[in-house]
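Each residue of the sequence shown is one higher than the one before, counting from 696 in the working numbering.
Note that the Cβ used here is the ideal one computed from N, Cα and C, for glycine as well.
Quick notes on the structure that follows.
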Amino acid sequence: MRQRELFDIADLYLVKIEGQPDTPEDIRVVIPYERALTLLAWSRTQRNPEDQAKMLDQAEAHLEQFTKANPQHPLAGEASTERARMLLDRARNEIWKSRAPANQGNRREFQQNARAMVTKAREIFKAAHDLHKAAYDKYPGFIDQQENRQQFEERRTAEVKYIRAQLDMALCTYELAQTYDEGSEEFRSTLTKASTEFEDIHTKYRSQVGGLYARMWQGKCFEEQDEIGKALGIYNELLEHPGKSDTLRRLQDQVRQFRLICLNHEQRKDYELVRIEAGDWLKDNRRASPIHMGIRWERARALESLGDAKATDQAEALRYYRLARTDAEYLARFDGQYRDVAQAMFQRMEVHLKDDPGDPTTFDQASAMGRSLVKQIKPLKDSVSAEKDPAKKAELQLKYDDHVVEAARMLNLALKLSDEETKITQVNSVRYQLAYVYYLLRESYRAAILGEFVGQHYAVEDSTTAQDSAYIALAAWMQAYNDATKDRSRGEGESAAGAEPPGQTELRRMLRVSELITETWPQSDRANDARMTLGNVYSRLKEPVQAAKWFQQVPATAAQYPDAQEAAGQAYWSAWLEAARLDEASRPAAAELDAWQASARSHLSTAIDQLSKQVPEGGQPSPGLIAAKVSLSQILISQGEYQAAIELLTQDPHSPSKAIQVEEGKPRPRVGVTSRDFASLTYQQLLRAYVGVQQIDPALQVMQKLEELGGGDDGGVMQIYVNLGQELEKEIRRLRELNQTDRLTTVRESFDKFLNELFNRRDQMNYNALVWIAETYNSLGTGMGEDSGATAYFEKAANTYADILTRAEQDPNFTSVSLSGVRLRLVTCRRRQQNFEEALNLVAVILKEKPRALDAQFEAAQ
């Protein structure tokens, strides 16, 4: 219920079961804790500060009730820490209020309230700190990770909690400083104390995340004491820190905000650098997180300062003031530390811009000017993209940003100037254009709400504009969804306790708008675009069946039909592949699997026919056409139609085996039909098909192509063959579990004949070919499970691995790759044959070379 934001119902349910006599005691004791989590999540949805504060009070009371009644409960520590962090958050709110321009007369009261909350939070954090320290001190100073992995991990967890507890204590000191007037003796002395505490933590844990956070806060203390050079030195050091983890990126985002504060400082006045750095960061981080708001505020401050500095150039100054006003207006919409200061800035910008020449006075004038500005957006954007010189590009980008902001302002002005005499079609035209401009500004929610309003309410009397507006709404919700899920991957905007993951609200809105478009204008191109959009979203969410349902709604008369058919086929085939990997208990019914496979084949066949017709004579086939052919070849192979698969992959026109080729010496791209991965997949299907029809020479030619893909690296080629063997193993196991005995017999017999023929030629085979023979025998045996026929396959695999080792000993040029992997595979085969003595002797050789090799240790233990 919390995940669905049914907070009131969730709270009522908890109250109800608390009063029921048959509620189990272990559930009853955690009800206050669960109610606290529910109220915390609920409070974050409230727009009224008083309602939010009331819920936070109730949540705090429930947490206190839980911790007092259950001090030894496993959740008691988390509850206490959550309670302390709530107090610290509320203290920050009091601090922000004390700094609001409207509260300067009674700021002492807010400061005292905040100080009391910080002091109380510190007491709770101190108790948690002592518990975590005691837990950490129980462990010895050194634990061998290999010998005692569990204890090693337990100590590491205890250490992380202990570091966080130390950091929480130091943060309390920092927040205590904020409860005094900036520049006062108490402020500076408390900041100095906090700086020392952060420095101590960093010194002890400089290589750990907690130590890096302490270093950042030490820099913050320097910045607030006007030691800007020291602060920037720390921030630059942290921004240059190597590593790509999500935790480090979150830290560096916060550091970026603090660095911009320094660059805006009176000692630096690097306003242009702030504008550029903030703009670059904001383009990739659109969700209204606390860091986003902070960086946007620093940009607004820099833009205002740039406007002030351009006082002699009125046009240039007005440009900066308009941009600053846009940021201030955005920030003023949100509760929090920036609302009051942003409102004050907005008023200042209004004063600067009140004499902005040229503002129209009628709806017709404003809408015409707005329409003209919108028409100029694309040429301006194209000029930015085409410019190569960095300095000129930055200047053009500034002009573009200002132009789009001005277009939004002018369109808003037109709406304000409309009256009852203005035709609704004209008003809706302006609304549509404004939604489009908001979309370009990545004001996604404004764009979506405005577009959705027109789409819902004017579908009859202004159908064309309503349809276009609804589609803008869909695009805007899609943009908002992308921003939300992207920020989640970076760790920004993480879900509150009990709340659903970011992006779910946006997804629901996308569905609603898509239904509006497809139901109101079912035959339109916009409807088909909506179907494709939703299909792609569900594909990204790894819900292929749901994706396919949207793709297959695109009618045959639509321009998108060929691509929709290809996408539907790929989605059904993906669903089949994923389901086939599941164990029997989790796998869908065989009839459903068969239906997915049949649908995949049908849609892909249609897509190939339709996409082929689109290729001009002598032209290059689309990537979708090639991908459809390769996927269909997989289906044909899985159904035993090997010759049809070979023809599909090799015959013109539009042969995948030709499409994957690249010019000699030219590197393959990372993605696409000529990438190494896709080419490898294509060759693997072709090899599999040649095995099915017992065509040895063509199969050997394909194996040569696979070796070339490996770049001449025996280890890389071996990995390709291992992967191919694993797919065969899965197929064998799947056929056994589905009781497809006839198909299983056919697959086994085809490989038996083929491999026997190859094995008879083994003297002519190189290392890679022998590895493929061995891996395939091994996979056949593994796929057979406990079947008596598995032993014979392991024997053949073992003989081939042994032959590889013998050849390598006799011929130093046979391979340059380490043979440890081959030896380990031989160990596995001997073990599966229950030849334990030989297996132990072989694994002893491996462990002598690599005593820490976990896979070898595991085999030895087995």
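So Tyr-1462 and Ile-1499 are in contact, right, with Cβ under 8 Å, and what is the actual spacing, rounded? 7 Å
In the DSSP assignment, find the unbroken alpha helix (DSSP H) run with His-824 in it and report its ends. 802-832
Buried or exposed by the 16-neighbour rule on C-beta atoms within 10 Å, applied to Gln-1309: Gln-1309 should be labelled exposed.
To the nearest angstrom, report how far apart Phe-761 and Lys-1244 are at their CA atoms. 48 Å
To the nearest angstrom, report how far apart Leu-977 and Arg-996 are at their CA atoms. CA-to-CA, the gap between Leu-977 and Arg-996 works out to about 15 Å.
Which residues in the same chain as Tyr-728 place their Cβ atom closer than 8 Å to its Cβ, once the five residues preceding and following it in sequence are excluded? His-757, Leu-758, Phe-761, Leu-770, Ala-774
Does the beta-carbon of Gly-1484 have 16 or more other beta-carbons within 10 angstroms, so that it is buried, or is it exposed? Counting Cβ neighbours within 10 Å, Gly-1484 comes out exposed, since fewer than 16 surround it.
For Gln-952 and Gly-1480, the rounded distance between their alpha carbons: Taking the straight line from one Cα to the other gives about 57 Å.
Counted within 10 angstroms of its Cβ, other Cβ atoms place Ala-1551 as buried (16 or more) or exposed: buried
Name the residue from Ile-838, Arg-901, Asn-1508, Gln-920 whose alpha carbon lies nearest to the alpha carbon of Tyr-869. Gln-920
Leu-968 to Tyr-1025, Cα distance in whole Å? Going by the C-alpha atoms only, they are around 22 Å apart.
Coil, strand or helix - Tyr-728 by DSSP: For Tyr-728, the three-state secondary structure derived from DSSP is helix.
Residue nearest to Gln-1199 in terms of C-alpha spacing, selected from Ala-822, Met-1173, Ile-1212: The candidate whose alpha carbon is nearest that of Gln-1199 is Met-1173.
Count the other CB atoms, across all protein chains shown, that sit within 10 Å of the CB of Ile-819; report buried if there are 16 or more and exposed otherwise. buried
Distance between Cys-1524 and Phe-1489 (C-alpha atoms, nearest Å): The alpha-carbon atoms of Phe-1489 and Cys-1524 are separated by roughly 5 Å.
In the structure shown, what three-state DSSP assignment does Ser-902 receive? coil
For Pro-683, which three-state DSSP category applies? This structure leaves residue 683 out entirely; the chain is present only between 696 and 1557.
What are the complete alpha helix (DSSP H) segments, minimum 4 residues, inside the stretch 1234-1310? 1239-1246, 1256-1275, 1285-1309
Using alpha carbons as the reference points, say which of Val-1442, Glu-1287, Asp-1097 lies closest to Lys-1076. Asp-1097
Using the Cβ count rule (16 or more neighbours within 10 Å means buried), how would you classify Ala-1194? A caution first: Ala-1194 carries a pLDDT of 48, below 50, which makes its placement in the model unreliable, though a value can still be read off. So Ala-1194 ends up on the buried side.
Kindly indicate which residue of Tyr-1131, Asp-1372, Tyr-1127, Ser-1307 has the alpha-carbon position closest to the one of Thr-1159. Nearest of Tyr-1131, Asp-1372, Tyr-1127, Ser-1307 to Thr-1159, Cα basis: Tyr-1127.
Measure the CB-CB distance between Ala-1168 and Leu-1129 and report whether it falls below 8 Å. no
Spatial distance of Leu-1395 from Leu-1277 (CA atoms): 33 Å
Give me, in chain order, the residues of the same chain whose beta-carbon lies closer than 8 Å to that of Ile-1332; leave out the 5 immediate sequence neighbours on both sides. Ala-1340, Gln-1380, Arg-1383, Ala-1384, Gly-1387
Using the beta-carbon count (16 or more within 10 Å), is Gly-1314 buried or exposed? Exposed, because fewer than 16 other Cβ atoms sit within 10 Å of the Cβ of Gly-1314.
Separation of Ala-973 from Glu-935, as counted between CA atoms: 17 Å
Alpha carbon of Ala-1010 to alpha carbon of Leu-1110, nearest angstrom: A direct Cα-Cα distance of roughly 25 Å separates Ala-1010 from Leu-1110.
Can you tell which of Glu-842, Leu-866, Lys-899 has its C-alpha closest to the C-alpha of Val-813? Leu-866
Where the alpha helix (DSSP H) through Asn-668 begins and ends: Look at the range of the chain in this structure, 696 to 1557, and you will see that residue 668 is not part of it.
What is the DSSP secondary structure of Glu-935, counted as helix, strand or coil? Under the three-state reduction of DSSP output, Glu-935 falls in the coil class, being neither helix nor strand.
According to DSSP, is Asn-980 helix, strand or coil? coil
Check whether Ala-1497 and Leu-1521 have beta carbons under 8 Å apart: yes
Where Ala-711 and Ala-754 are concerned, what is the direct C-alpha to C-alpha distance, given to the nearest angstrom? Sequence inspection shows Lys at residue 711; the Ala mentioned does not correspond to that position. Taking the straight line from one Cα to the other gives about 17 Å.
In chain order, which alpha helix (DSSP H) runs of at least 4 residues are fully inside the stretch 1443-1515? 1462-1478, 1485-1505
For Met-696, three-class secondary structure by DSSP: coil
Mapping the DSSP letters down to three states, classify Glu-773 as helix, strand or coil. helix
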